[in-house]
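Chains as they are written, first to last, in the numbering used here: chain A, 7 to 84; chain B, 17 to 274. We put the beta carbon where it would ideally sit given N, CA and C, even for glycine. The block underneath contains the structure these notes are about, expressed in structure tokens.
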């Protein structure tokens, strides 16, 4: 890793995304996160630290270091 | 019109279809359409970008006239089920919730205590609560008393295909219940669904029997016809059983007799 990348990484924050560590640029919103993972967000429920983040609040909700983020979808079930 | 009433909702179809175990989303959608089901169950799962095809929101949105009934499968306590219900409502926009709490994957029998507690809380919050329960008439009545919209006793273990093994208890639940009784789980064949409807169930919930059939859409259609026939028979009034033969043809004044 060159010096510039290393500096960039050190500026990143880390969140817990569905049980896995996910680095993010500081100042990322929920919408940014969804776009990084390739979701339009329409079919995904977002829960941060046990609070549901409704679609209208996602563009403004900033992710913080250590946030526990759960993304949930509807899958097949009886 | 004879419709299934749950809360303020009225459904002309009395077949509720689950969406698990289908080989793919296309077959699932074809089966839902063929079934005519208007209430369709889904499960809540973590998003996984490597398995984007698991997301059924898109495929189900393309089907007109269905209402989603998310389940709380995966929850093993009332608190987990309540949390799942809140998240599911965000996605479904539907007040229906199937409370399903089975802590033991070996038999998948529902936990009556956690189910009761979750149902009580969610009914109070305004959900249309549809608890999946063992065929226990006492528990069914208690769930009715706390405001559940229906009760869904099992015919036999989930996915077992053992049919209406609990029919004796189901009969008591149906007789005693002031809310719709929906047989959920264990049905294998359309004739079993017809039988449940003839007993007076208001609807049946089927998943595995359709999803793993050789031709799921055709089986979905067969279940729909059986459910409609069973309901019609129930409304028409079945004859009483007799321990003795009762002749249908005249037994006197035959040839050569007096």
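Put simply, the CB of residue 41 of chain A is far from chain B, with every gap to its CB atoms at 8 angstroms or more. Annotation: residue 56 of chain B to residue 43 of chain B spans about 15 angstroms, alpha carbon to alpha carbon. For residue 53 of chain A, the nearest CB of chain B lies under 8 angstroms from its own CB, placing it at the interface with that chain. With distances taken between CA atoms, residue 130 of chain B lies nearest to B:94 out of B:94, B:53 and B:143. The beta carbon of residue 112 of chain B is closer than 6 angstroms to those of 85 and 144 in its chain, skipping five residues each way along the sequence. Residue 146 of chain B places its beta carbon less than 8 angstroms from that of residue 166 of chain B.
If the five residues before and after residue 87 of chain B are omitted, its C-beta is found closer than 6 angstroms to the C-beta atoms of 57, 59, 114 and 116, all from its own chain and listed in chain order.
For residue 58 of chain B, the closest Cβ of chain A is nearer than 8 angstroms. Residue 246 of chain B: member of the alpha helix (DSSP H) spanning 232–252, first to last residue.
Around the Cβ of residue 191 of chain B, a 10 Å sphere holds fewer than 16 other Cβ atoms; the residue is exposed.
Among the residues of chain B, those whose CB is under 7 angstroms from the CB of residue 83 of chain A are 34, 35, 36, 57, 58, 59, 87 and 89, following chain order.
Where residue 42 of chain B is concerned, the enclosing alpha helix (DSSP H) starts and stops at 41–51.
Non-local C-beta neighbours of residue 81 of chain B in its own chain, meaning closer than 8 angstroms and more than five positions away in sequence, comprise 54, ordered along the chain.
Annotated three-state conformation of residue 126 of chain B is coil, per DSSP. Going by DSSP, residue 38 of chain A is part of the alpha helix (DSSP H) stretching over 36–42. Secondary structure of residue 75 of chain B (DSSP, three-state): helix.
Looking only at B:196, B:212 and B:161, the smallest Cα-Cα distance to residue 184 of chain B is reached by B:212. Three or more Cβ pairs drawn from the region 22–39 of chain B and the region 221–233 of chain B lie within less than 8 angstroms of each other, which places the two stretches in contact. Here DSSP, grouped into helix, strand and coil, assigns residue 156 of chain B to helix. At a cut-off of 8 angstroms between C-beta atoms, residue 75 of chain A does not count as an interface residue with respect to chain B. Between the region 252–259 of chain B and the region 58–72 of chain B there are fewer than three inter-stretch CB-CB distances shorter than 8 angstroms, so the stretches are not counted as touching. Flagged as an interface residue toward chain A: residue 71 of chain B, by a C-beta distance shorter than 8 angstroms. In the structure shown, residue 32 of chain B falls within a strand segment according to DSSP collapsed to helix, strand and coil. Judged by their CB atoms, residue 193 of chain B and residue 160 of chain B are nearer to each other than the 8 angstroms cut-off.
Residues of the region 101–130 of chain B with a C-beta atom less than 8 angstroms from some C-beta of chain A are 102, 103, 104, 106, 107 and 108, listed in chain order. Unbroken alpha helix (DSSP H) runs of no fewer than 4 residues, entirely contained in the region 180–219 of chain B, are found at 183–192 and 206–215, following chain order. In the structure shown, residue 22 of chain A falls within a strand segment according to DSSP collapsed to helix, strand and coil. Proximity of residue 44 of chain B to chain A, defined by a Cβ-Cβ separation below 8 angstroms, is satisfied.
Residue-level contact check: residue 44 of chain A touches chain B, since one or more beta carbons of chain B fall below 8 angstroms from its beta carbon. Close partners of residue 224 of chain B in chain A (Cβ separation under 9 angstroms): 84. Residue B:179 holds the alpha-carbon nearest to the alpha-carbon of residue 222 of chain B among B:142, B:260 and B:179.
Taking a cut-off of 8 angstroms for Cβ pairs, the region 35–44 of chain A and the region 63–75 of chain A touch, as three or more such pairs fall below it. If you look at residue 60 of chain B, you'll find it in the beta strand (DSSP E) that goes 55–62.
Taking C-alpha positions only, residue 220 of chain B is separated from residue 109 of chain B by approximately 23 angstroms.
When the five nearest sequence neighbours on each side are left out, the beta carbons in the same chain lying within less than 6 angstroms of the beta carbon of residue 59 of chain A are those of 36, 52 and 67, in order along the chain. In the structure shown, residue 139 of chain B adopts helical secondary structure according to DSSP, grouped into three states.
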